[in-house]
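> This is the structure I have questions about; it appears just below.
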C-alpha cells in the first residue's frame, strides 16, 4: 500500500522539489504500471507508459492543484497514454497479432463502463471524507433516493438544512473532480 500523498507533497512538486517528485513516484508508479498493463498486456510498454506519465507530471507540475487528487491526475495521463499506445499497436499488423493473443484476458467492459466505475470509486473516496451529517444526507438522497422532505423528517431537521448539505456535498465532489476527464460523467452519476 502506498503512503498517503497530501497537498504538501503536491505543493512541493509544483515548486520543483525533486524529493517530493520521488515520493510521488514511489507511491504511485506501481499503480500506473498496473493500469497501463491492464490495457496493453505488455510489461515493457507498460513500463514506458510509467516513465512517460511521470515525465508529463514533472513537466506539467505548475498546472497542478495543490488540493487535488494526485492519483486521479496520474490516472488520467496514464489512461490517455495507454489508449494512444493501443491505437498505435492496432495500426501495426505484427503487434496486432500479439495483441490478439491477449483478447481473451481483456474485459468486455466498454471504455464508458470503465470510466463510470472509476468515477464511482473516486466519488466514494471523496464522499467518505465529507462531514458525517453531509455524508449521511448525500447517501440518503443518492442511494436511498429519498426526497429532501423525507430526509428532513427522518433526521428531524429542516428541508432547507438538507438542501444546504446537498449543495455543499455536490460542490466538494465537483471541485475534487475538476481537472479529470471523468468530470463529464458527473451529471450522469450525481444529478439523475
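Residue numbers (the UniProt record's numbering): 1 to 192. Backbone N, C-alpha and C fix where the C-beta goes; we use that ideal spot for every residue, glycine too.
Terminal residues of the continuous alpha helix (DSSP H) containing residue 142?
Position 142 of the chain shown, counted from the start, is the residue given in the question as residue 142. Where residue 142 is concerned, the enclosing alpha helix (DSSP H) stretches over 132 to 142.
> Whose C-beta lies closer than 7 Å to the C-beta of residue 130 among residues of the same chain, with five residues either side of it excluded?
Stepping through the chain shown from its first residue, residue 130 is reached at position 130. 138, 169, 172.
> Compute the Euclidean distance between the alpha carbons of residue 25 and residue 87, then round it to the nearest angstrom.
The residue given as residue 25 occupies position 25 in the chain shown. The residue given as residue 87 occupies position 87 in the chain shown. In a straight line, the C-alpha of residue 25 is about 26 Å away from that of residue 87.
> Taking the C-alpha atoms as reference points, what is the distance between residue 38 and residue 125?
To locate residue 38, count along the chain shown from 1; it is residue 38. To locate residue 125, count along the chain shown from 1; it is residue 125. Roughly 22 Å separates the two Cα atoms.
> Considering only residues of the same chain and omitting the five flanking positions on each side of residue 135, which have a CB-CB separation below 8 Å?
Here residue 135 refers to the residue found at position 135 when the chain shown is read from its first residue. Here the set comprises 127, 128, 169.
> Specify, as a first and last residue, the run of the alpha helix (DSSP H) that residue 29 falls within.
By one-based count along the chain shown, residue 29 stands at place 29. 18 to 40 is the extent of the alpha helix (DSSP H) around residue 29.
> If you draw a straight line from the C-alpha of residue 28 to the C-alpha of residue 174, how long is it?
Counting from one through the chain shown, the residue named residue 28 turns up at place 28. Counting from one through the chain shown, the residue named residue 174 turns up at place 174. Whole-angstrom Cα-Cα distance: 23 Å.
> So, are the CB atoms of residue 10 and residue 20 less than 9 Å apart?
In the chain shown, counting from the first residue as 1, residue 10 sits at position 10. In the chain shown, counting from the first residue as 1, residue 20 sits at position 20. In contact: residue 10 and residue 20 (Cβ atoms closer than 9 Å).
> In the DSSP assignment, find the alpha helix (DSSP H) that holds residue 129 and state where it starts and stops.
On the chain shown, position 129 is the one that residue 129 refers to. Run containing residue 129: none; DSSP gives neither H nor E here.
> With DSSP run on the structure shown, which of helix, strand or coil describes residue 82?
By 1-based counting over the chain shown, the position of residue 82 is 82. In this structure, residue 82 counts as helix in the three-state DSSP scheme.
> Compare the C-alpha of residue 72 against each of 123, 132, 151, 154 and name the closest.
Stepping through the chain shown from its first residue, residue 72 is reached at position 72. For residue 72, the nearest C-alpha among the options comes from 123.
> My output table needs one value for residue 145: the three-state DSSP class, helix, strand or coil.
Residue mapping note: residue 145 aligns to position 145 of the chain shown, counting from 1. Residue 145 falls in the coil class under three-state DSSP.
> Please classify residue 167 as buried or exposed, where buried requires at least 16 neighbouring CB atoms within 10 angstroms.
Here the question's residue 167 lines up with position 167 in the chain shown. Answer is exposed; the Cβ neighbour count stays below 16.
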